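Residue numbers 91 to 292, in the working numbering, belong to the letters of the sequence shown in order.
Everything on this sheet refers to the single structure shown next.
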Amino acid sequence: MSSGIFITLAGILCILFGLFYSKNSTLRVAVGIIGAILLIYGGYTYGNIEPMPHIETFDTGNKLQVTYPIEKVQVLSPVEGDSVKCRILTLGVYPESHTKDIWVLLKPSDDKYYPQSDNTNTSFKLNGEWQVVTRFGGDKGEAYELIVYETDEAASAFFSETIAEWKSNNDYVGLELQEIPTGATEIDRISVSLKDNCRGVF
């Protein structure tokens, strides 16, 4: 038995003793407090109790008015010329007949392309709306192009595998234009700039 599990069990036993031992109330309280301390120490120090995970937060930029009926995939937020924060939610719409995956790629001043994703990898699509968490990593005032692609299955898999490889290597090297797969078709593009210094944030 590991020391972490032993300390946690000892804490539980002390708490139970404090709850059910009726002869001496002072002793009950003291043992109960010791049990709580052991339980917390054993859990957090040795990993038996997991702390609350970090919750990612993001901002949204200005938003275009939606014109119906929706005839093409387009970006609603941010808008052309926006000054954006380091982590935003890119929002858009798509027509009901649209079945391909939607990807957002960022192109900063290094002229490379960086696919964006969250836990779903592709942009989340539902009821004619799509969204994806978009993370910027440049200097304050740096210009970015935010480019939307629709992709076939092979191109979508390529972007997912590329992101997984970058994460594994902890090295986000970007894609050259010629590396963008032929199954990815550009359908919208806007220019934005960074409101804050985002270098090294992620």
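Ideal Cβ placement from N, Cα and C applies to all residues, glycine included.
No experiment lies behind these values; they were computed from the predicted model shown.
Review point. What is the rounded straight-line gap between the Cα of E266 and the Cα of N217?
Key: Here residue 266 corresponds to residue number 176 of the sequence shown, with the count starting at 1. Here residue 217 corresponds to residue number 127 of the sequence shown, with the count starting at 1. Cα to Cα, the separation comes out at about 33 angstroms.
Point to revise | E161 in three-state terms, based on DSSP | key: Numbered from 1 along the sequence shown, position 71 holds the residue referred to as residue 161. Reduced to three states, the DSSP call for E161 is coil.
Check your understanding: Closest to T157 by CA distance: which of G171, D172, P185 and T150 is it?
Key -> Working through the sequence shown from its first residue, we reach residue 157 at position 67. Distance check between T157 and each of G171, D172, P185 and T150 places P185 closest, using alpha-carbon atoms only.
Review point. What did DSSP end up calling K202 once you bin it into helix, strand or coil?
Key: Position 112 of the sequence shown, counting from 1, holds the residue named residue 202. The answer is coil: DSSP assigns K202 none of H, G, I, E or B.
Review point. For R118, does the three-state DSSP call read helix, strand or coil?
Key: The residue given as residue 118 occupies position 28 in the sequence shown. It is helical.
Review point. Alpha carbon to alpha carbon, what distance is there between L179 and P168?
Key: Walking along the sequence shown from the start, residue 168 turns up at place 78. Walking along the sequence shown from the start, residue 179 turns up at place 89. Near 8 angstroms, if we compare the C-alpha coordinates of L179 and P168.
Practice item. Identify, in the order they occur along the chain, each residue of the same chain with its Cβ nearer than 7 angstroms to the Cβ of G273, setting aside the five sequence neighbours on each side. Key: On the sequence shown, residue 273 is found 183 positions in, with the first residue counted as 1. Excluding positions up to five away in sequence, the list reads T241, D242, A244 and A245.
Practice item. Check each candidate in S199, W220, Y203 and E161 and name the one with the smallest Cα separation from G231. Key: Along the sequence shown, read from residue 1 onward, the residue named residue 231 stands at position 141. When only C-alpha atoms are compared, the closest one is S199.
Review point. Which word fits P159, buried or exposed, when buried means at least 16 other C-beta atoms lie within 10 angstroms of its C-beta?
Key: By 1-based counting over the sequence shown, the position of residue 159 is 69. So P159 counts as exposed.
Check your understanding: Can V121 and C104 be called in contact, C-beta distance under 8 angstroms?
Key -> Position 31 of the sequence shown, counted from the first residue, corresponds to residue 121. Position 14 of the sequence shown, counted from the first residue, corresponds to residue 104. The answer is yes: Cβ separation under 8 angstroms.
Point to revise | Counterpart residues of V238 in DSSP-defined beta bridges | key: Counting from 1 along the sequence shown, the entry for residue 238 is found at position 148. Its beta-bridge partners are V194 and D278.
Check your understanding: Buried or exposed: where does I192 fall if 16 or more other Cβ atoms within 10 Å of its Cβ makes it buried?
Key -> Here residue 192 refers to the residue found at position 102 of the sequence shown. I192 is buried by the Cβ-count criterion.
Point to revise | Per-residue burial, D229 [other beta carbons within 10 Å of its own, 16 or more giving buried] | key: Within the sequence shown, residue 229 is the residue found at index 139, counting from 1. With fewer than 16 other Cβ atoms from the protein chains shown falling within 10 Å of its own Cβ, D229 counts as exposed.
Practice item. Take the Cβ of S207 as the centre, count every other Cβ of all protein chains shown within 10 Å, and call the residue buried at 16 or more, exposed below. Key: Sequence index remark: in the sequence shown, residue 207 carries index 117 (1-based). Flag for S207 reads buried.
Check your understanding: Using the C-alpha atoms, what's the distance from T116 back to N260?
Key -> Position 170 of the sequence shown, counting from 1, holds the residue named residue 260. Position 26 of the sequence shown, counting from 1, holds the residue named residue 116. Between N260 and T116, the C-alpha separation is close to 54 angstroms.
Check your understanding: Helix, strand or coil: how does DSSP classify E219 here?
Key -> Here residue 219 refers to the residue found at position 129 when the sequence shown is read from its first residue. Of the three classes helix, strand and coil, the one that applies to E219 here is strand, per DSSP.
**Study point:** As assigned by DSSP and simplified to three states, the class of P143
**Key:** Counted from its first residue, the sequence shown places residue 143 at position 53. Residue placement at P143 is flagged as unreliable, the pLDDT there being 47, under the threshold of 50; the coordinate-derived value follows with that caveat. Correct three-state label for P143: coil.
Check your understanding: Opposite F214 in the DSSP bridges: which residues?
Key -> Working through the sequence shown from its first residue, we reach residue 214 at position 124. Answer is Q221, bridged to F214.
Check your understanding: Buried or exposed: where does H144 fall if 16 or more other Cβ atoms within 10 Å of its Cβ makes it buried?
Key -> Position 54 of the sequence shown holds residue 144. With a pLDDT of 47 at H144, under the threshold of 50, the modelled position of that residue is not reliable, and no figure is offered here.
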